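Asks: Position in the sequence shown (first residue = 1) + 95 = my numbering.
Sharing a structure here in C-alpha cells format.
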Amino acid sequence: MLRFLTAGESHGRALTVIVEGLPAGLPVSVESIQGELARRRLGYGRGPRMRFEADVVDLVGGVRHGRTLGSPVAIEIENSEWPKWEMEMSAAAGEPSKKLTAPRPGHADLSGMLKYGFDDARDVLERASARETAARVAAGSLAKALLAELGVSIISHITGIGSVHVESGSTPPRPQDLDLIDDSPVRAFAKATEDKMVAEIKAAAKVGDSLGGSAEVLAYGVPVGLGSHVHWDRKLDALIAQALMSIQAIKAVSLGDGVEVASLRGSEAHDAIYWEPSGEGAVAEGYVRKTGRAGGIEGGISTGDTIAATVWMKPLASLNRPTLTTVDVNSKVETVSFKERTDVTAVPAMGVVAETMVALVLASEALRKFGGDSVAELLRNSNAYLKAISSGETPSVAIQ
Ligand code: EPS
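This is the structure in C-alpha cells:
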C-alpha cells in the first residue's frame, strides 16, 4: 500500500527516495525529516564520516505548503563528500583510479563481484553500504507522521553491544522516554549498561575491531487488526521480520519473547486473556493481556498490545585493522582485505533504522486496513472501526 524505492551510492552525489501511497493532507516538513536523520547520525562508535555528514534534505516533489498532495513524495539527501568523490564515482564513461580486488569477508563484496561480473569491489560496496539507510529513515519519517495521526508512536532502545546486554525482564521504555534514550551516547534506556557499552566500544576501537549488538523496537498504540492470519504474505510479524532483516548487517529478528518461549511449556509461553471492561490497557471492549510474550501479534494480526521486536546486528565486516584472510581476485593469492574507512559500531543508529522499517510496515498495513485518499478520510475510517470495536459492536460479515 505504501511503497518506497531508494537509489544512490554511499559516495555518489546524493541518495534519493520516492514514497508512494501516502494520503493527501499529511503535514511534512524538511525539518521533521532532518530531525529523524539527525537521530540516525547519533551514537558512540561511529567513524569520522558521521562528524561531517550533514544529511542536507531537499523535498523534490509530492509536498505543497507543508502538506502531502497524495502524489509520490521525492526526497534527496546530499552526500557531503561528493566533491572529493566526483571523479571516482562519476556517471560518465571512464575508469576508476584504483580497483579494490581483495574483497572483505562478511561483506557483499565477493558474492556481488561474482554475481554482477565486476572486477572492482567498489562497484558492489557503494550500494551495499549502510549509508542507504539515511534514505530509508527519510521515508520512515513520513510513515511515522502518518502513524502519529492514528495515535501510534514507535521508539527503540539499544539492548546489547558486544558482550554487554540489558538484563532480560527489565522495564521497557515508554514513548515519553525517547528523548532520554536519544541523549544516551549509545541510545541505552538502562543507564546501568550505558557505561559498560561505551567501555566495550572503546576497547574494540583500540584494537581496530568492530562490534555488533541488538535493539528493541516498541510500537505503542497500534490498533487490533493490522495484518492477517489468512495468507503467509499478509502476516504482520512476517512483514516486520522481512523489513527488519533487510537492514544491512542484521542477522536475526524476534517478536516479543520469541526466542525465550521456545524452551518453555505452552502453559507458560502465552499471554492469558482477561475481561476488564474499565481496565487500563484494554485493547478493544474490555479484553486485556497482562503479559507481552507474543510481542503484540498473534496469528499474524496485531492484538492491540504494544508491538515489540528485537533485532540483532553482526559486528561490521569492515575492520579498521583488517585481519581476516581473503583472496585477491586477480592473483588468487591469500591476503587481508583492503582497508575502507568504517565505524567501530553502528548499533545505536541501527535502532533508529529499525524504528523506520517497523513504521513503514505499520503505516502500509494501516492504509490497507483503513484506506482513504486524504488523512481526513483515513481517520474517518479508522475512528469508525475503533468505535465499533470498543463498543462491542463487533463488525459482522452478515448482510444486514
Ligand atoms: C559505511 C561506512 C562508513 C559509514 C557509512 C556506512 O562510511 P565511509 O566509508 O564513507 O566512512 O560512515 O555510514 C554512513 C555514511 C551513514 O550515513 O550511515 C558502510 O560501509 O556501510
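Ideal Cβ placement from N, Cα and C applies to all residues, glycine included.
Since the model is a prediction, treat every value here as computed from it, not as a measurement.
(1) Could you name each continuous beta strand (DSSP E) segment of 3 residues or more that falls completely within the segment 140-188, going from the start of the chain to the end?
(2) Is any heavy atom of the ligand EPS found at a distance shorter than 6 angstroms from the C-beta of E477?
(3) Let's see if you can read the secondary structure: which residues bound the alpha helix (DSSP H) around K301?
(4) Could you name each continuous beta strand (DSSP E) segment of 3 residues or more that falls completely within the segment 359-384, going from the start of the chain to the end?
(5) State the DSSP-derived secondary structure class of R436, mapped to helix, strand or coil.
(6) Would you check if the distance between the CB atom of A287 and the CB atom of S251 is smaller than 7 angstroms?
(7) Contact check, A223 vs V439 under 8 angstroms by CB: the rounded distance?
(8) Quick one, are the C-beta atoms of G120 and S469 less than 7 angstroms apart?
(9) The alpha helix (DSSP H) spanning D96 covers which residue range?
(10) Throw me the rounded Cβ distance for the L117 and T163 pair, which I believe falls under 8 angstroms.
(11) Just the Cα atoms here: how many angstroms apart are G487 and E380?
(12) Assuming A109 is part of the beta strand (DSSP E), what are its boundary residues?
(13) DSSP on A479, reduced to helix/strand/coil?
(14) Tell me the DSSP secondary structure of A344 in three-state form.
(15) Any heavy atom of the ligand EPS closer than 6 angstroms to the CB of A84?
(16) Can you have a look at E181 and say buried or exposed, based on whether 16 or more other CB atoms are within 10 angstroms of its CB?
(17) Measuring alpha carbon to alpha carbon, tell me which residue in A294, D215, P198, P167 is nearest S432.
(18) Buried or exposed: G235, going by 16 or more other Cβ atoms within 10 Å of its Cβ?
(19) Should G142 be counted as a contact of the ligand EPS given a C-beta to heavy atom distance under 6 angstroms?
(20) Is T437 near the ligand EPS, judged by its Cβ being under 6 angstroms from some heavy atom?
(21) Can you check the segment 434-469 for any alpha helix (DSSP H) of at least 4 residues that lies completely inside it and give the ranges in chain order?
(22) Are the Cβ atoms of P200 and L419 separated by less than 7 angstroms?
(23) Return the residue from the list R388, K346, V383, E371 that minimises the CA-CA distance to R360.
(24) Since A240 and P417 should fall inside the 8 angstroms C-beta cutoff, what is the C-beta to C-beta distance between them, to a whole number of angstroms?
(25) Whose C-beta lies closer than 6 angstroms to the C-beta of D153 among residues of the same chain, with five residues either side of it excluded?
(26) Starting from T418, trace the beta strand (DSSP E) both ways and give me its first and last residue.
(27) To the nearest angstrom, report how far apart K385 and E227 are at their CA atoms.
(28) Among the residues of its own chain, which have a CB less than 6 angstroms from the CB of I484, if the five just before and after it don't count?
(29) Only counting the same chain, and skipping five residues up and downstream in sequence, which positions put a Cβ closer than 6 angstroms to that of Q495?
(30) What is the residue span of the alpha helix (DSSP H) that G120 lies within?
(31) At a cut-off of 6 angstroms, would you count A225 as near the ligand EPS, judging by its Cβ distance to the nearest heavy atom?
(32) In this structure, does DSSP put A197 in helix, strand or coil?
(33) Which class does G487 belong to by DSSP, given the choice of helix, strand or coil?
Replies: Checking against the coordinates, here is how it stands:
(1) 152-156, 168-173
(2) Sequence inspection shows Ser at residue 477; the Glu mentioned does not correspond to that position. No, since every heavy atom of the ligand EPS falls outside the 6 angstroms radius drawn around the Cβ of S477.
(3) 286-301
(4) Fully enclosed beta strand (DSSP E) runs of 3 or longer: 368-370, 382-384.
(5) coil
(6) no
(7) The Cβ separation is near 19 angstroms, so there is no contact.
(8) Note that the C-beta distance between G120 and S469 is below 7 angstroms.
(9) Note on residue identity: the sequence assigns Met, not Asp, to residue 96. It is not in any alpha helix (DSSP H) - M96 carries neither H nor E in the DSSP assignment.
(10) 5 angstroms
(11) Spanning the two alpha carbons is a distance of roughly 6 angstroms.
(12) 109-115
(13) helix
(14) coil
(15) Any property of residue 84 remains undetermined from this structure, which presents the chain solely from 96 to 495.
(16) exposed
(17) P198
(18) buried
(19) yes
(20) yes
(21) 442-465
(22) yes
(23) R388
(24) About 41 angstroms; that fails the 8 angstroms criterion.
(25) Shown here for D153: same chain residues with a beta carbon closer than 6 angstroms to its own, the five before and five after excluded, namely E171 in chain order.
(26) Element bounds for T418: n/a, residue is neither H nor E.
(27) 39 angstroms
(28) A379
(29) Residue placement at Q495 is flagged as unreliable, the pLDDT there being 46, under the threshold of 50; the coordinate-derived value follows with that caveat. Nothing listed; no residue qualifies.
(30) From DSSP, G120 is part of no alpha helix (DSSP H); its letter is neither H nor E.
(31) yes
(32) coil
(33) coil
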